[in-house]
Amino acid sequence: LSMSLRGVNESAGLNLNEMPAIAAVDLRYSIYSPYIKRMVAECARQVQRSPEQFVDSIFNQPSHQLGQALGLIPGPGIKQVLRELVSQGGEVRLKAHPDSILDPAALSSLRPEVLTRLLNIELYLNDQPVEDLTFALAEQAAAAGSGSESQEGGKAEPESDSVVGDGDFDAAGRGQRDARRLRYMETEIAELQHYLGSRVRLYTDQSSKPKTGYLIAYNGRTFSVEQSVHGGTMTAHIQQSELTRAEVLRRVP
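Each residue of the sequence shown is one higher than the last, beginning at 605 in my numbering.
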């Protein structure tokens with residue numbers, strides 16, 4: 605594991621004027637092929653199945669059960685990586701290098717596709733890139749299918765301030781939903797730049813409706829918010845000088 609941080613000066617130590625944040629991560633994890641094959645063969649023998657049948661039983665189970673075991677529900681690409689590691693062993697490498705400082709507390713509220721983009725995640729199996737990085741967090745998948753379509757054709761915002769998350773995989777962990785509630789909380793506009801990657805509502809005096817979506821960029825004067833519209837996405841750019849109120853989706857203490 606190799607990791608570098610922003611906000612830490614090698615000569616002076618911690619910079620009190622800047623919150624330390626991850627600048628880059630390079631993680632390698634290897635499974636020794638003869639070992640994993642022997643282990644799978646022994647597990648298969650104990651349940652009176654072939655190694656192939658045993659591996660199939662792991663990855664063909666319902667998504668929510670797989671999510672409970674892994675903490676995430678893998679899409680086809682990541683599931684194939686896991687299957688290969690369990691079947692043959694090998695090395696998986698994960699690299700992340702976010703372009704900007706992200707609030708770690710906000711990462712769990714992000715849609716997986718937004719998370720992978722903001723962190724610039726790359727995944728390799730035996731030095732071969734994995735193109736499909738889709739996945740759902742098990743707790744976020746509890747809200748799968750709960751959103752209704754808005755009049756514009758995109759997903760409508762929940763009537764309540766409480767939100768758990770989005771997902772396109774099987775529902776899981778519904779009993780944990782109330783224990784992990786999120787709420788839009790008013791945030792100082794001057795502090796908004798520290799919540800890149802978070803879900804926000806931005807209000808201006810030019811419209812009665814807030815711009816709602818994921819805060820994906822700030823250039824010193826303008827905030828960019830990715831919104832769901834007509835089943836796709838569009839980016840709205842709002843001048844900081846036009847903002848009258850800002851709310852950020854955060855966990856309720």
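For glycine and all other residues, C-beta sits at the position ideal for the given N, C-alpha and C.
The structure displayed is predicted, hence computed values, not measured ones.
Mind checking who residue i pairs with in its DSSP beta bridge?
i           : result
residue 699 : 630, 726
residue 830 : 818, 839
residue 635 : 694
residue 799 : None; residue 799 has no bridge partner.
residue 852 : 789, 804
residue 648 : Paired residues: none, contrary to the question.
residue 794 : None, per the DSSP bridge assignment.
residue 673 : Residue 673 pairs with nothing; no bridge assigned.
residue 733 : 728
residue 739 : 678
residue 847 : 808
Less than 6 angstroms separating the Cβ of residue i from some heavy atom of the ligand ATP?
i           : result
residue 698 : Looking at this structure, you won't find the ligand ATP or any other ligand, since it has none at all.
When the Cα of residue i is compared with those of the options, which residue comes out closest?
i           : options            : result
residue 848 : 792, 818, 662      : 792
residue 629 : 851, 658, 702, 829 : 702
residue 855 : 739, 714, 785      : 785
residue 790 : 852, 821, 661      : 852
residue 840 : 834, 801, 820, 719 : 820
residue 733 : 721, 846, 681      : 681
residue 837 : 727, 678, 717, 685 : 717
residue 828 : 809, 796, 834, 810 : 796
residue 844 : 719, 833, 794      : 794
residue 735 : 787, 842, 679      : 679
residue 801 : 850, 719, 739, 632 : 719
residue 846 : 660, 826, 833, 832 : 826
residue 634 : 685, 648, 645, 672 : 685
residue 799 : 850, 810, 835      : 850
residue 858 : 833, 741, 842      : This structure cannot settle anything about residue 858, because the visible part of the chain is limited to 605 through 857.
residue 683 : 834, 740, 650, 822 : 740
Give me the Cβ distance between residue i and residue j, rounded to the nearest whole Å; I'm assuming they're in contact under 8 angstroms.
i           : j           : result
residue 700 : residue 730 : That belief does not hold up - the Cβ atoms of residue 700 and residue 730 are roughly 19 angstroms apart, past 8 angstroms.
residue 818 : residue 676 : Not quite, the Cβ-Cβ distance comes to about 19 angstroms (not below 8 angstroms), so this is no contact.
residue 727 : residue 737 : 6 angstroms
residue 663 : residue 644 : At roughly 12 angstroms, the Cβ-Cβ gap does not stay under 8 angstroms, so residue 663 and residue 644 are not in contact.
Step through the CB atoms of chain D and report whether any lies within less than 7 angstroms of the CB of residue i.
i           : result
residue 812 : This model lacks chain D altogether; it includes just one protein chain.
The stretch 799-806 / the stretch 814-824 touching (three or more Cβ pairs under 8 angstroms) | Result yes; three or more Cβ-Cβ pairs closer than 8 angstroms.
Counting pairs of Cβ atoms below 8 angstroms between the stretch 684-695 and the stretch 637-649, do you hit three or more?
-> yes
Is it a yes or a no for the stretch 695-705 touching the stretch 664-674, going by three-plus beta-carbon pairs under 8 angstroms?
-> no
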